[in-house]
Structures are given as structure tokens and as C-alpha cells.
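Numbered according to our numbering, the sequence shown terminates at residue 68, and the numbering increases by one at each position without gaps.
Where is the CB? At the ideal position from N, CA and C, for every residue including glycine.
Treat the numbers as computed from the prediction; the structure is a model and nothing was measured.
The next block holds one structure in the form of C-alpha cells; read it before the comments.
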Amino acid sequence: MVTKVQYTVDTELSLKLFQEGASAQENFDSSIAGKCRDGEFGIFYQMDRLEAYGLKGVFFVDPFPALV
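Laid out in C-alpha cells, this is it:
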């Protein structure tokens, strides 16, 4: 028997980082790319892991930060 799973991720910039004065690049690196002291575990990492196993995911991208 096969179990069906739908992998979905909300992908958005951080309002808190924006309010604290982080640059757009710093916000992207932290919120989207998931960069931290131990590596990078955000959207690109997740897409690579899914692809390695022949899987797909759905990434919802919040369009509202484009207005800022």
C-alpha cells in the first residue's frame, strides 16, 4: 500500500526582520534560504532533497513583500 503525502511550504519574508532594519538580502537569506550558522536549510535545500528522491513539493510564495 502506498501512502500519499502532499508536501507544502509557506515561503515568506520575515516582517520582524524587516521592522528591525534587515536588508532585503539579509531577510531573504534568513527567511527563504534558511541560512544559519549550521548551514542552509531553506527552500533550496528542501527542493534539492525532494528532487534527490524523485518527489515534488508545493511552495507558496507570499507576494505582499514586493509592495515594500
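**OP:** Run the proximity test for Gly54: is its beta-carbon closer than 6 Å to any non-hydrogen atom belonging to the ligand COA?
**Re:** Absence of the ligand COA from the depicted structure is noted, as is the absence of any ligand whatsoever, leaving it without description.
**OP:** Could you pull out every residue in the same chain whose Cβ sits closer than 7 Å to the Cβ of Lys56, ignoring the five residues on either side in sequence?
**Re:** Excluding positions up to five away in sequence, the list reads Leu50.
Original post:
In angstroms, rounded to a whole number, what distance separates the CA positions of Ser30 and Val5?
Top reply: Cα to Cα, the separation comes out at about 27 Å.
**OP:** Whole angstroms is fine: what's the gap from Tyr45's alpha carbon to Leu15's?
**Re:** When rounded, the distance between both Cα atoms is 22 Å.
Subject >> Of the residues Met1, Leu67, Gly39 and Ile43, the one placed nearest Tyr7, counting alpha carbons only >> reply: Closest option to Tyr7, Cα to Cα, is Ile43.
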